[in-house]
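Counting in the numbering used here, the sequence shown runs from 311 upward without gaps. Report on the following structure.
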Amino acid sequence: MKAVRLAAPLAALATLLGADLHAQEAKTQAIDARGLKLQVPAAWKKVESASQMRAVQLKADPAEGDDYPAELVVFVFPGGAGGVDANLERWQKLFKDEKGNPPKIEKTTVTSKSGEVTRAETSGHYYPSKFPGLPAEPDRAGARLLGAILLTDDAGYFIRMVGPDKTMKKLAPEFDAMVKSLEVAK
Numbered sequence: 311m312k313a314v315r316l317a318a319p320l321a322a323l324a325t326l327l328g329a330d331l332h333a334q335e336a337k338t339q340a341i342d343a344r345g346l347k348l349q350v351p352a353a354w355k356k357v358e359s360a361s362q363m364r365a366v367q368l369k370a371d372p373a374e375g376d377d378y379p380a381e382l383v384v385f386v387f388p389g390g391a392g393g394v395d396a397n398l399e400r401w402q403k404l405f406k407d408e409k410g411n412p413p414k415i416e417k418t419t420v421t422s423k424s425g426e427v428t429r430a431e432t433s434g435h436y437y438p439s440k441f442p443g444l445p446a447e448p449d450r451a452g453a454r455l456l457g458a459i460l461l462t463d464d465a466g467y468f469i470r471m472v473g474p475d476k477t478m479k480k481l482a483p484e485f486d487a488m489v490k491s492l493e494v495a496k
């Protein structure tokens, strides 16, 4: 009799846990960026890439009080495109601190499904790169960059997400989960 009394609550608990797991999976979407698989929040919307250099381009809604969305861009370069330090320096030069100098860039190493990833972060006044043939983007005060670099024998995968400081701080845990999900297709 005791087994019967426990069976119903245990079955209900298992159903609830299974539903919660399914709900968590439904909150993300799989993205393929030229062979790099990543899991991102379902709320991040894929948009048309502004350039053929961009394997994938996504937008994430701004936090309350911010006036523009965060943008995530994935670049894939066979051969690596200069390695980690050269790209971190390039990203750092997109920003200036209050004295007009490039701000410090923080870097850590994170383990993804396909190996070690360099995760980078910096903030300040953002001056986007300008490329011929692309619409000019406005420079932005109070911006933050979250970046990730995964190098393999075949290619370098460079992920850069920029947006308002408050928005980016809110999105940082989701960005970090995405970095851990990175997997190069075999």
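Backbone N, C-alpha and C define an ideal beta-carbon position, used for all residues, glycine too.
Would residue i and residue j qualify as a contact pair, given that the criterion is a beta-carbon distance under 7 angstroms?
{"i": "residue 434", "j": "residue 464", "result": "no"}
{"i": "residue 357", "j": "residue 347", "result": "no"}
{"i": "residue 366", "j": "residue 424", "result": "no"}
{"i": "residue 352", "j": "residue 338", "result": "yes"}
{"i": "residue 303", "j": "residue 488", "result": "Any question about residue 303 goes unanswered here, given that the chain covers just 311 to 496."}
{"i": "residue 376", "j": "residue 476", "result": "yes"}
{"i": "residue 401", "j": "residue 455", "result": "yes"}
{"i": "residue 466", "j": "residue 380", "result": "no"}
{"i": "residue 428", "j": "residue 394", "result": "yes"}
{"i": "residue 422", "j": "residue 496", "result": "no"}
If you reduce the DSSP assignment to three classes, tell me which class residue i lands in.
{"i": "residue 480", "result": "helix"}
{"i": "residue 344", "result": "coil"}
{"i": "residue 426", "result": "strand"}
{"i": "residue 392", "result": "coil"}
{"i": "residue 433", "result": "strand"}
{"i": "residue 398", "result": "helix"}
{"i": "residue 485", "result": "helix"}
{"i": "residue 403", "result": "coil"}
{"i": "residue 496", "result": "coil"}
{"i": "residue 490", "result": "helix"}
Give every residue of the same chain whose Cβ lies closer than 8 angstroms to the Cβ of residue i, excluding the five residues on either side of it in the sequence, and list them in chain order.
{"i": "residue 437", "result": "404, 405, 406, 449"}
{"i": "residue 340", "result": "347, 348, 349"}
Enumerate in chain order the residues of its own chain whose CB-to-CB distance from residue i is below 7 angstroms, with the five nearest sequence positions on each side excluded.
{"i": "residue 363", "result": "385"}
{"i": "residue 480", "result": "373"}
{"i": "residue 439", "result": "404"}
Could you give the C-beta distance for residue i and residue j, rounded to a whole number, given that I count them as a contact under 8 angstroms?
{"i": "residue 470", "j": "residue 452", "result": "Their Cβ separation, rounded to whole angstroms, is 17 angstroms, which puts residue 470 and residue 452 out of contact at 8 angstroms."}
{"i": "residue 468", "j": "residue 361", "result": "Rounded, the Cβ-Cβ distance is 13 angstroms, inconsistent with contact."}
Might you give, ordered along the chain, the residues of its own chain that have their beta carbon closer than 6 angstroms to the beta carbon of residue i, omitting 5 neighbours on each side?
{"i": "residue 461", "result": "390"}
{"i": "residue 415", "result": "398, 402, 430, 432"}
{"i": "residue 382", "result": "368, 471"}
{"i": "residue 426", "result": "419"}
Let me check you understand the geometry: is the CB of residue i closer than 6 angstroms to at least one non-hydrogen atom of the ligand NAD?
{"i": "residue 413", "result": "This structure does not include the ligand NAD; it has no bound ligands of any sort."}
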